[in-house]
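**Student:** Each residue of the sequence shown is one higher than the one before, starting from 2 at the first, in this note's numbering.
Note that CB positions come from ideal geometry on N, CA and C, so glycine has one too.
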Amino acid sequence: FIQLGAGLTGLSGYLVSCGEKRIIPGSIIGSNATRGHLLRDNKIERATDFKKKEVVIVGGGISGLSAARWLRNKGMKDVALLELEDHTGGNAHFGSNGVSAYPWGAHYIPVPNNDLKEYLDFLSECEVIVNTDTGGLPVYNELSLCFDPQERLYINGRWQEGLIPQFGVPSEELQQLERFLQLMEQYRYAKGNDGKDAFSIPVDWSSKDPLYTRLDELTMKTWMVQQGFTSGYLQEYINYCCRDDFGTPMHQISAWAGIHYFASRKGKGLNAEHSDVLTWPEGNGFLAENLRRAASDFIETNRLVIRVVPGKEGIDVEYLDPESGKISGYRASHCIMAVPQFVAARLLEDTARQQFVKDKMQYSPWMVANLTVENLEERSGVPLSWDNVLHGSQSLGYVEASHQLVQQDKAQRNLTYYLPLTEEEPAAARKTAQAKTHAQWVKKILDELRMVHPNIDEAVKEVNILLWGHAMTQPLPGMIHGGLRQQLAISPDPRIHFAHTDLAGISIFEEAFYQGIGAAERVVGSRESGVGSQQPIL
2 FIQLGAGLTG LSGYLVSCGE KRIIPGSIIG SNATRGHLLR DNKIERATDF
52 KKKEVVIVGG GISGLSAARW LRNKGMKDVA LLELEDHTGG NAHFGSNGVS
102 AYPWGAHYIP VPNNDLKEYL DFLSECEVIV NTDTGGLPVY NELSLCFDPQ
152 ERLYINGRWQ EGLIPQFGVP SEELQQLERF LQLMEQYRYA KGNDGKDAFS
202 IPVDWSSKDP LYTRLDELTM KTWMVQQGFT SGYLQEYINY CCRDDFGTPM
252 HQISAWAGIH YFASRKGKGL NAEHSDVLTW PEGNGFLAEN LRRAASDFIE
302 TNRLVIRVVP GKEGIDVEYL DPESGKISGY RASHCIMAVP QFVAARLLED
352 TARQQFVKDK MQYSPWMVAN LTVENLEERS GVPLSWDNVL HGSQSLGYVE
402 ASHQLVQQDK AQRNLTYYLP LTEEEPAAAR KTAQAKTHAQ WVKKILDELR
452 MVHPNIDEAV KEVNILLWGH AMTQPLPGMI HGGLRQQLAI SPDPRIHFAH
502 TDLAGISIFE EAFYQGIGAA ERVVGSRESG VGSQQPIL
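As structure tokens, this is what we get:
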């Protein structure tokens, strides 16, 4: 009772505040907003000098890297990939210190569905899959499968195992939780009248049966209420899941997308189930680095692409080297635009597309912090796990990035803390986030973590913060099956090919991976036929 009371009333925070204040070292880092705003403000001159190139890829996130790898594997070598930052990887970016590597964004992948041949082949290249000659089921590298203990939830004054609320939950609400999970299991294996899975990955492989697609017309919360899922514990759990995968609360997100979170995963390995996850200290940076190495000689970093202009002789891709101030250009036979649509529209100087994107799409801002800590005091219950979530919190809790290290006797650990900024509309949330100082962010983080780690103020040694202004598109109602994605996928020129997860509506690694392959295949198909193609591989 005393322990619970201290956590809920902020007693531990009060006691710490009575002591000597200490400035926590660290800084705010991030994607280069200043460079990006040069494009937004349209204050850059035109290029006059162009070098010929068969394919130019704009953007070095997962979609761009996947496209580059695929073109390399198809024998194409006259390729350039232009990336704004000094690194590739997009929201799979990562950092490191003397303790371990740590993610700055996406930090795991679920066990893949078994019908994703190209994806499984890639994971074999990465030695994440170590054996496929097992009668159909892959064997996953034990060093990539998340170590135990995997997940815990702080709820009603105690850490419980797993993230589904159990401890202290009334029996009638536990029954609702069970009924919800049973319904998700039915959806997992449901098929539409076209014979396709109701919920699949990539999303374009999903059934078009109206029985399921009409779920895209509702919000997840509306659907929950319609189904009689009124439990506060259940709704808080679903809201956590929606904010975790989509950066969007359940009262805003499409019900189809919300159900997809639970029902699209069907993978199985000889030593893994669909509910298992694969992770590394650097998170999905591990996979991004493998993609980068596959096409490293194509990559040019610190390149701010400022225009993409179709012409008779090719696609002119103009870019600025921010360090030298020089403006240059490539004249390409094909251009893959592996950037969000709000960026693509500006690069194309397409005002109609810009307005359409502004009216129809929202992009979620996030704050991610990496904390280096010494031994933490713990509340009762399950010990420190890979994923550590606080029930009812604005944040998503934290993952222990150093959890996957084989050496477990660690004097210090890296904790990666995730906060989707969903308390305001995205534009307002971005402004609020940019106005906060490092000290203000640190206070916000420690005020929450003090509830579960009373000595956090003494244990924390450094806090670094990254702000993602436009981390992912929000799959609002109508985004998936309302024709929006399909309209945006139409290119203004058959030599220009879009590739980004906002054309999928769901920002997960598999979608980015296959968006890249799809764009690369359109290039290959155009090369072989001698004409442009706008038919997606998916």
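Under three-state DSSP, which class holds Gly96?
**Tutor:** strand
**Student:** Can you tell me the Cα-Cα spacing of Val369 and Ser530, whole angstroms?
**Tutor:** 46 Å
**Student:** Tell me the residue span of the beta strand (DSSP E) that contains Val400.
**Tutor:** Tyr399 to Glu401
**Student:** Exposed or buried, what is His551 when buried is set at 16 or more other beta-carbons lying within 10 Å of its beta-carbon?
**Tutor:** In the structure displayed, the chain extends from 2 to 539; residue 551 sits before or after that span and is not available.
**Student:** Taking all protein chains shown into account, decide if Val309 is buried (16 or more other Cβ within 10 angstroms of its Cβ) or exposed.
**Tutor:** buried
**Student:** Tell me whether Gln183 is buried or exposed, calling it buried when 16 or more other Cβ atoms sit within 10 Å of its Cβ.
**Tutor:** exposed
**Student:** Buried or exposed: Ser365, going by 16 or more other Cβ atoms within 10 Å of its Cβ?
**Tutor:** buried
**Student:** Which runs of the alpha helix (DSSP H) fall wholly inside the stretch 213-242 and span at least 4 residues, in chain order?
**Tutor:** 221-227
**Student:** My output table needs one value for Gln395: the three-state DSSP class, helix, strand or coil.
**Tutor:** Reduced to three states, the DSSP call for Gln395 is coil.
**Student:** Quick test of your reading: Cys243 and Thr249, contact by CB under 8 Å. State the CB separation rounded to the nearest angstrom.
**Tutor:** The beta carbons of Cys243 and Thr249 sit about 6 Å from each other, so the pair counts as a contact at 8 Å.
**Student:** If you drop the 5 nearest sequence neighbours on each side, which residues of the same chain put their C-beta closer than 6 Å to that of Pro311?
**Tutor:** Asp494
**Student:** Alpha carbons only, please: which of Gly96, Asn389, Ile316 and Ala295 is nearest the one belonging to Asp1?
**Tutor:** Residue 1 lies beyond the range of the chain shown here (2 to 539); nothing can be said about it.
**Student:** So for Leu138, helix, strand or coil by DSSP?
**Tutor:** coil
**Student:** Locate the alpha helix (DSSP H) running through Ile518, then write down its first and last residues.
**Tutor:** Phe510 to Ser530
**Student:** Pull up the DSSP beta-bridge partners for Gly312, would you.
**Tutor:** Gly315
**Student:** At 4 residues or longer, and completely inside the stretch 151-212: list those alpha helix (DSSP H) runs for me, N to C.
**Tutor:** 172-189
**Student:** Kindly list the residues whose CB is nearer than 8 Å to the CB of Lys209, restricted to its own chain and excluding five residues on each side of it in sequence; keep chain order.
**Tutor:** Gly193, Asp195, Lys197 and His482
**Student:** Do Glu86 and Gly60 have their C-beta atoms within less than 8 Å of each other?
**Tutor:** no
**Student:** Give me the Cα-Cα distance between Leu468 and Ser28, rounded to the nearest whole angstrom.
**Tutor:** 11 Å
**Student:** Label Ala345 either buried or exposed according to how many other C-beta atoms from any shown protein chain fall within 10 Å of its C-beta, with 16 as the threshold for buried.
**Tutor:** buried
**Student:** May I have the straight-line CA-CA distance separating His501 from Tyr188, to the nearest angstrom?
**Tutor:** For His501 and Tyr188, the gap between their C-alpha atoms comes out near 27 Å.
**Student:** Can you tell me whether Ala339 sits near the ligand FMN, meaning its C-beta is under 7 Å from at least one heavy atom of the ligand?
**Tutor:** This structure lacks the ligand FMN; in fact it carries no ligand of any kind.
**Student:** Can you tell me the Cα-Cα spacing of Gly20 and Thr220, whole angstroms?
**Tutor:** Note that Gly20 scores 49 on pLDDT, short of 50, meaning its location in the model is unreliable and no value can be drawn from it.
**Student:** Determine, using beta carbons only, whether Glu350 and Arg332 come nearer to each other than 8 Å.
**Tutor:** no
**Student:** Under DSSP, the alpha helix (DSSP H) around Ile446 begins and ends at which residues?
**Tutor:** From DSSP, the alpha helix (DSSP H) with Ile446 extends over His439 to Leu450.
**Student:** Three-state secondary structure (DSSP) at Gly284?
**Tutor:** Looking at Gly284 - three-state DSSP - the assignment turns out to be coil, as it is neither helix nor strand.
**Student:** Going by other Cβ atoms of all chains shown within 10 Å of its Cβ, with 16 needed for buried, is Asp116 buried or exposed?
**Tutor:** exposed
**Student:** Between Gly517 and Ser67, is the Cβ-Cβ spacing less than 8 Å?
**Tutor:** yes
**Student:** Should Val226 be labelled buried (16 or more other beta-carbon atoms within 10 Å of its own) or exposed?
**Tutor:** exposed
**Student:** Less than 8 Å separating the beta-carbons of Tyr103 and Ala402?
**Tutor:** yes
**Student:** Give the range of the alpha helix (DSSP H) segment to which Phe1 is assigned.
**Tutor:** Outside the displayed range of the chain (2 to 539) lies residue 1, so it cannot be described from this structure.
**Student:** Excluding the 5 residues preceding and the 5 following Gly270 in the sequence, name in chain order all residues of the same chain whose CB lies nearer than 7 Å to its CB.
**Tutor:** Val112, Leu138, Pro139, Val140 and Tyr141
**Student:** Could you check if Thr417 is buried or exposed, using at least 16 other CB atoms within 10 Å of its CB as the buried criterion?
**Tutor:** Its Cβ being crowded by 16 or more others within 10 Å, Thr417 is buried.
**Student:** Hey, out of Ala472, Ile337, Asp410 and Glu459, whose CA is closest to Ala521's CA?
**Tutor:** Ile337
**Student:** Sorted by chain position, which residues of the same chain lie with C-beta nearer than 7 Å to Pro203's C-beta, five sequence neighbours on each side aside?
**Tutor:** Ala505, Glu511, Glu512, Tyr515 and Leu539
**Student:** Excluding the five sequence neighbours on either side, which residues of its own chain have a C-beta within less than 7 Å of the C-beta of Thr373, listed in chain order?
**Tutor:** Asn98, Val100, Gln413, Asn415, Lys462 and Glu463
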